[in-house]
Structure formats: structure tokens, C-alpha cells
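A.B. asks: Handing you a structure now.
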Amino acid sequence: MSRIVADKIVVDFPIYEASARSMRNALLRTTTGGAFRTDAAHHVVVRALSEISFEFQEGDRVGLVGHNGSGKSTLLRVLAGAYEPVGGSLEVQGRIASMLNLWLGMNSDATGYENILLFYFFTDLFVTSCTEFQWPVERWFQ
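Letter by letter, the sequence shown follows residues 104 to 245 in our numbering.
Below you can see the structure in the form of C-alpha cells.
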């Protein structure tokens, strides 16, 4: 059974060579709702995700909605393992396959079926999943 449980996930991005007391940072802090902070070493950091909690079970359908800069892509990158949270915990049971790069394995000269096989090959799902989808995909393309 697949499952993802996030408990109070926090993601901060440090901004190097920025003064915590600059006029620009004061303006940015005001316009971004105070997302700019300083860490223990007095570096300026941007809080991208602040104590996000959820639980997804197998079969759940999820949509991420929000304005630009609200953290949708950051959350997806945390789930894919590209970013590590600085706070909270993330428990993953099952396998997560990132589709942030939709062109991975796509070849414009190949057929749709061949592109599906390439996608499975490049995402390391070929042996475990590709054969399960072979016959339904072949029927769909006919």
C-alpha cells in the first residue's frame, strides 16, 4: 500500500550576501508577508513552506492550487526528494516517480508506444511496471 505522510514540513532557502538590515529586505519582508527571516547564523532566508501537513493514501487524487510563489513546485520537489525539509517529517511508503521533466525520454521520431517504453526505461520503472501496461497501451494505440 502506498502512502505519503507529511508533518509540519518546513523549507527555507538561504540568500547569501544579503544584509538582514537592508532597505530592500525591509521592503521585501513587508510585501511578501514576512517570508524573509534570518537563521541562527544570521543569514537571510526565505521560508518557502511553513509547517505543511497532510496525508495521502493510495488512490487519492490531489490538486495543488495557489498563486505564483505560493510553494506548489517546492512541495512537489520535496515529495520527489529534490529538496530536503529543514523541519518536520516526511514519511513515504511506496515509490515516487518525479514527472517534473515531462520530456524525459521523449523522442519526436518515435511512436507514442515507443516513447512510453523510453519513459519507463529512463525512470527505472521498466522491469516492474512496463509489462503491466504493455497490453492496455497496445490496445489503446490500435
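Note that beta-carbon positions come from the ideal geometry of N, C-alpha and C, so glycine has one too.
Residue ranges of each beta strand (DSSP E) run of no fewer than 3 residues wholly in the region 136 to 198, ordered along the chain?
C.D. replies: For the region 136 to 198, whole beta strand (DSSP E) runs of length 3 or above, ordered along the chain, are 139 to 141, 147 to 160 and 190 to 196.
A.B. asks: According to DSSP, which residues form a beta bridge with Ala109?
C.D. replies: Paired residues: Phe157 and Leu193.
A.B. asks: With a threshold of 8 Å, are at least 3 pairs of Cβ atoms found where one atom belongs to the region 209 to 224 and the other to the region 175 to 192?
C.D. replies: They do not touch, by the three-pair rule.
A.B. asks: Can you tell me which of Ile118, Val168, Ser156 and Phe157 puts its alpha carbon nearest to the alpha carbon of Val147?
C.D. replies: When only C-alpha atoms are compared, the closest one is Ile118.
A.B. asks: Note down the Cα distance separating Val214 from Tyr223, rounded to an integer number of angstroms.
C.D. replies: In the sequence as presented, Val is not what sits at residue 214; that position holds Thr. Whole-angstrom Cα-Cα distance: 14 Å.
A.B. asks: If you check the beta carbons only, do Ser156 and Asp110 fall under 8 Å apart?
C.D. replies: Cβ atoms of Ser156 and Asp110: closer than 8 Å.
A.B. asks: Excluding five sequence neighbours on each side, which residues of the same chain lie with their C-beta closer than 7 Å to the C-beta of Val165?
C.D. replies: Excluding positions up to five away in sequence, the list reads Phe159.
A.B. asks: My assumption, with CB atoms under 8 Å, is that Ile199 sits in contact with Leu182. Please give the rounded CB distance.
C.D. replies: 6 Å between Cβ atoms; contact.
A.B. asks: Assign Ala185 to buried or exposed, taking buried as 16 or more other Cβ atoms, counted over all protein chains shown, within 10 Å of its Cβ.
C.D. replies: The residue in question, Ala185, is exposed, as its Cβ has fewer than 16 Cβ neighbours within 10 Å.
A.B. asks: Can you tell which of Val149, Ser105, Asp163 and Gly162 has the C-alpha that lies nearest to the C-alpha of Ser173?
C.D. replies: If we check each option's Cα against that of Ser173, Val149 comes out closest.
A.B. asks: Give the single residue among Val168, Glu194 and Asp115 whose Cα lies nearest to the Cα of Ser105.
C.D. replies: It is Glu194.
A.B. asks: Thinking Gly191 and Ile112 are a contact (beta carbons under 8 Å), I'd like their distance in whole angstroms, please.
C.D. replies: Gly191 to Ile112, Cβ: 4 Å. Contact.
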